[in-house]
Structures are given as structure tokens and as C-alpha cells.
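**Student:**
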Amino acid sequence: MKILLYSMNFAPELTGIGKYSGEMARWLHARGHEVRVIAASPFFPQWSVYRGYSAWTYRKSDWDGVTVWRTPLWVPARPRALARLGHLFSFMLSSFPVLLAQWRWKPDVVFVVEPPLFCAPSALLFARLRGIKSWLHIQDYEVDAAFGLGHVRGERAQRFARSAERWLMSRFDRVSTISAAMIEKARGKGVDESRVVLFPNWVDVKAIHPLPRTVAPYGYRPALGIPDDAVVVLYAGSLGTKQGIELLAEAARLLVCSGSIHFVFAGSGPSRESLHAACASLANVHFLELQPAERLNELLSMADIHVLPQRADAADLVMPSKLGGMLASGRAVVVTAHAGTELSNVVKGRGMVVEPGDAAALADAIEQLAMSPELREQMGAAGRRFAESALDEDAILQRLEQELLRCVAG
Numbered sequence: 001m002k003i004l005l006y007s008m009n010f011a012p013e014l015t016g017i018g019k020y021s022g023e024m025a026r027w028l029h030a031r032g033h034e035v036r037v038i039a040a041s042p043f044f045p046q047w048s049v050y051r052g053y054s055a056w057t058y059r060k061s062d063w064d065g066v067t068v069w070r071t072p073l074w075v076p077a078r079p080r081a082l083a084r085l086g087h088l089f090s091f092m093l094s095s096f097p098v099l100l101a102q103w104r105w106k107p108d109v110v111f112v113v114e115p116p117l118f119c120a121p122s123a124l125l126f127a128r129l130r131g132i133k134s135w136l137h138i139q140d141y142e143v144d145a146a147f148g149l150g151h152v153r154g155e156r157a158q159r160f161a162r163s164a165e166r167w168l169m170s171r172f173d174r175v176s177t178i179s180a181a182m183i184e185k186a187r188g189k190g191v192d193e194s195r196v197v198l199f200p201n202w203v204d205v206k207a208i209h210p211l212p213r214t215v216a217p218y219g220y221r222p223a224l225g226i227p228d229d230a231v232v233v234l235y236a237g238s239l240g241t242k243q244g245i246e247l248l249a250e251a252a253r254l255l256v257c258s259g260s261i262h263f264v265f266a267g268s269g270p271s272r273e274s275l276h277a278a279c280a281s282l283a284n285v286h287f288l289e290l291q292p293a294e295r296l297n298e299l300l301s302m303a304d305i306h307v308l309p310q311r312a313d314a315a316d317l318v319m320p321s322k323l324g325g326m327l328a329s330g331r332a333v334v335v336t337a338h339a340g341t342e343l344s345n346v347v348k349g350r351g352m353v354v355e356p357g358d359a360a361a362l363a364d365a366i367e368q369l370a371m372s373p374e375l376r377e378q379m380g381a382a383g384r385r386f387a388e389s390a391l392d393e394d395a396i397l398q399r400l401e402q403e404l405l406r407c408v409a410g
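Residue 410, in full-length UniProt numbering, is where the sequence shown stops; the numbers in between run on with no holes.
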């Protein structure tokens, strides 16, 4: 099977969507399929092109047997509403010639990863003209998120965007997304039941596994000056607007008098600067840059408690990809989510769930877990079991492969 992966974010050495796209391409290639990738140079989450890549040139390379085309991309210094639209539009324009260049290769399926939805019209046009299958995979409902988070405003703009999204989604041969709630949303947007596929994010449970507490902190705790007997609350990932990251600073301030609880924020993104400023006077807060993939297990195992804030208006629009690693690490998790959302249902019994936007409730949940090592251990073990049974990489990708083959067979 020939698979053309059309994903703006393709950065196997990092985390998030880019990492999943890379692992999927590598796995499918190892199974004997031909895989080609059209992507931009990696830029997320710090919103600047990584060293060794170019924002303005086309580049073709071979990565573990997978042919990868990198196309030009405009990356705004301040990713606000209009700048984000221009950013996405630049990739759509620059990638279109590379998409057309695959005509002679004739893939069996073009697999588009959203965001950005901007690439969907080009992919559909190419698939229809070439007589091949089209697949849309939704990591984030970016249209809903754009209006829900206030990035774009206006009733006319909202009606047009939702109508265009609905029209595009209804024309793909398959539409997949990462959670049951997001599947239900796809149905609500007019996608027929026969074309909807659940394709959740996964975790490599062999690479991410619990480390003994006496071993796990050997690099990070001493480097950050955190005492051995301290309880570490870790947030590792993108520091962006969807995360409601400002809540972490408020919780850390409420717990600053508890000298035994330390917060570590590892990552980068648009909200890092404001979070750093808000925590400048807090001795119990430590910052790390985005860490290399080979140290991810050590980083996650440094935590006694993982914390995952989400804004209420982003609930069920995304299922945070970082959650799988948190659960696989065998540590308790605290999330902010409304009761009944899928995020709440997944974490319940494997961590604690508090209402979004309530810093006092978040601080109280952290303090409760900090004072109960037995409860942390029980919840961490339950999370690890869930990761092994429901989030295993090989099992999920095998199901995807079967669905791809069925799709291509018609």
C-alpha cells in the first residue's frame, strides 16, 4: 500500500502531533508499506523553526526509509488570530506543488492530519482527480477551538467556517479522531457512521514505564535544587492558550508555604513568558526547556504528581496527547475538566479531577495527594494498567493498518 501522509507537523524527535505522525510513518514503513510525507519544518511549540531546518526552502530527505518533503512556512513571532491564519495559509500554498508532484507515484490513499484543515481542499482535489482514497485525521477541532477560545470572532465568520468544515468532512472517504467524544462530534458535523474511525493517540509502554523513585530523580532533581524528600508536581508539554496554564501559577502560589511541594514546568510555547513572570517570586517553582525525547521517561518519572490543566471552553475539543505518557509513567494525575467529559472519565480512579478555572480546588487536590503516598501509588498503578491495556502503540497501529486496507479496498 502506498500512503501519502500530509501533515504540517512532522517531528518524530519531539512530542505531540509531530511525534505521532513520525511514529505512524515509521511503523507503517516497517510493515512493508511505502510512505511519503509532506510537512513543514518543525516549529512547535516555541513558534520558531528548529535549528538545522529552513523556513524558506524546499527540502527532500530520507528518514528511516520514509521520503519526507519539507516545504516553506511563515512562522509568526506572535501567533495571534490573523497571524495564525496566515501561517496556515502559507503551508497550504507552499505544499500544493509538492502534493501535485506525487501524481506519477499515485498513492493509494492521502492521509491528512488536522490541524490544519486548510490542507483538506487540496487533498480532496488531488484524491478525486487521481482516483484514490482520502482520509482526514482530526487531532484538534481547530474551527471549534478558534471560536471557543476567542481567537476568531463574528457570527458570519463562524457560520462560514462551520459550514465549510462540515462540507469538507463529508467528502472524505474516512474521518478519524482520537476519542469517543470527538467521534460523536464528527457524527454531529455530518460524517456518516460508516466512515468514522476511532484512532486514539498511543504510548510506547516499553519506552515510558515507571522508574523507582530512588532512580528516577538522578538527573533532574539535583540540577534543579529540589530536595530528595520533596513532592514534585510536573507539567511537561506545550505552554499554550488551550491549556489554561495560568492556573498553575495560582496553584503554586497557594502552596508556596508548603516547602515540601515543588512545581516543575517543562516545555515552551506562547504562554511560557507570562507563566515565568507570574512565578518569578515563587521559590517552589522551577522551569525546564523542552527536553529531548530520549530523556522523556526520566523526566516523567521525576514527578510524584502530574498536573494537566485544560480550559473549560476547550473541553472535548481535544484529548491531550501528553496524558498517555503521564499514565504510562505510573504516577497519579490531577486534571481540570468538567464531570462527564471524556478527559474526566479517563482520569477518574487514576487521578483526581477538579473543575476548570478553580485554582483553590487544584491546589487542594495536589495537597491531598502530596500527603498520601499510598493513594498516589494506587492511582499511578491504575493509570499504568490502563495505558498497557488501552493505549498500546502496536495494538492501535495494527487497527489503523486494517482500516487503511479496508478503505483502499473500497
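We put the beta carbon where it would ideally sit given N, CA and C, even for glycine.
Could you say which of F126, L282 and E250 lies nearest to P97 if we only look at CA atoms?
**Tutor:** The shortest C-alpha separation from P97 is found at F126.
**Student:** On a CA-only basis, which of S274, D173, D62 and V233 is nearest I245? Give me that one, please.
**Tutor:** Minimum Cα distance to I245 is reached at S274.
**Student:** What does the Cβ neighbour count give for P227, buried or exposed, with the cut at 16 atoms within 10 Å?
**Tutor:** Classification of P227: exposed, given that the 10 Å Cβ count is below 16.
**Student:** Using only the alpha-carbon positions, how far apart do A186 and M319 sit?
**Tutor:** Cα to Cα, the separation comes out at about 14 Å.
**Student:** Which partner residues of A266 appear in the DSSP bridge assignment?
**Tutor:** BP columns for A266 point to A236 and L288.
**Student:** Just list the alpha helix (DSSP H) runs in the segment 17-71, keeping only unbroken ones of 4 residues or longer that don't cross its boundaries, in chain order.
**Tutor:** Counting whole runs of 4 or more residues, the segment 17-71 contains the alpha helix (DSSP H) stretches 17-30.
**Student:** Within the continuous alpha helix (DSSP H) that includes K2, where are the two ends?
**Tutor:** It is not in any alpha helix (DSSP H) - K2 instead sits in the beta strand (DSSP E) that spans K2 to Y6.
**Student:** With F111 as the anchor, note down where its alpha helix (DSSP H) starts and where it stops.
**Tutor:** Looking at the DSSP string, F111 is not in any alpha helix (DSSP H); the run it does join, the beta strand (DSSP E), is V109 to E114.
**Student:** Going by beta carbon distance, what residues of the same chain come within less than 6 Å of A161, once the five residues before and after it are set aside?
**Tutor:** Excluding positions up to five away in sequence, the list reads V143.
**Student:** Would G91 and I3 qualify as a contact pair, given that the criterion is a beta-carbon distance under 7 Å?
**Tutor:** Strictly speaking, residue 91 in this sequence is Phe, with Gly absent from that position. No.
**Student:** If we count the other Cβ atoms within 10 Å of its Cβ and call it buried at 16 or more, is L375 buried or exposed?
**Tutor:** Exposed, by the Cβ-count rule.
**Student:** Which residue spans inside the segment 337-379 form an unbroken alpha helix (DSSP H) run of at least 4?
**Tutor:** Counting only runs of 4 or more, we get 342-347 and 359-370.
**Student:** With a cut-off of 8 Å on the beta carbons, I'd call G190 and R156 a contact; round off their distance for me.
**Tutor:** Their Cβ separation, rounded to whole angstroms, is 20 Å, which puts G190 and R156 out of contact at 8 Å.
**Student:** Evaluate C407 with the Cβ neighbour count: other Cβ atoms within 10 Å of its Cβ, from every protein chain shown; 16 or more gives buried, anything less gives exposed.
**Tutor:** Buried, since its Cβ has 16 or more Cβ neighbours within 10 Å.
**Student:** Just checking my contact of L168 with I183 at CB under 8 Å: how many whole Å lie between their CB atoms?
**Tutor:** Not really, about 17 Å apart at Cβ, beyond 8 Å.
**Student:** From what residue to what residue does the alpha helix (DSSP H) around L296 run?
**Tutor:** Where L296 is concerned, the enclosing alpha helix (DSSP H) stretches over L296 to M302.
**Student:** What does the alpha-carbon distance come out to for the pair A251 and F44?
**Tutor:** Their backbone Cα atoms lie some 26 Å apart in a straight line.
**Student:** Check whether the segment 29-42 and the segment 59-76 touch, using three or more Cβ-Cβ pairs below 8 Å as the test.
**Tutor:** Enough Cβ pairs lie closer than 8 Å, so yes.
**Student:** Looking only at C-alpha atoms, which of L248, N284 and Y50 sits nearest to S260?
**Tutor:** The shortest Cα separation from S260 among L248, N284 and Y50 belongs to N284.
**Student:** With DSSP collapsed to three states, give me the class of A77.
**Tutor:** A77: coil per DSSP, three-state reduction.
**Student:** Look at the Cβ atom of L124, then the Cβ atom of R171, and state whether they are nearer than 7 Å.
**Tutor:** Yes, the pair counts as a contact, with Cβ atoms nearer than the cut-off.
**Student:** Three or more C-beta pairs closer than 8 Å, one from the segment 59-66 and one from the segment 6-26: is that the case here?
**Tutor:** Because the criterion of three Cβ pairs below 8 Å is met, the segment 59-66 and the segment 6-26 touch.
**Student:** On the three-pair Cβ rule with 8 Å, is the segment 343-350 touching the segment 294-304?
**Tutor:** Judged by Cβ distances under 8 Å, the segment 343-350 makes no contact with the segment 294-304, as fewer than three pairs qualify.
**Student:** So, helix, strand or coil for A280, using DSSP?
**Tutor:** Correct three-state label for A280: coil.
**Student:** With distances taken Cα to Cα, identify the nearest neighbour of residue 492 among E193, R399, Y235 and R78.
**Tutor:** There is no way to answer for residue 492, as the model of the chain reaches only from 1 to 410.
**Student:** Taking C-alpha atoms, which residue in A120, W74, A370 and A55 lies nearest to Y6?
**Tutor:** Residue A120 is the option with its Cα nearest to Y6.
**Student:** How is the alpha helix (DSSP H) around V408 delimited, first residue to last?
**Tutor:** Taken as a continuous stretch (DSSP letters only), the alpha helix (DSSP H) holding V408 covers E393 to A409.
**Student:** Would you mind stating whether V203 and A339 have Cβ atoms separated by less than 7 Å?
**Tutor:** Contact flag unset, no.
**Student:** With a threshold of 6 Å (Cβ to nearest heavy atom), would E401 be considered close to the ligand PLP?
**Tutor:** Ligands displayed in this structure: none; no statement on the ligand PLP is therefore possible.
**Student:** Comparing the C-beta of A293 with each C-beta of chain B, is any distance below 7 Å?
**Tutor:** No chain B appears in this structure, which consists of one protein chain only.
**Student:** Please report the straight-line C-alpha distance between F118 and R221, rounded to a whole angstrom.
**Tutor:** F118 and R221: Cα-Cα distance of roughly 43 Å.
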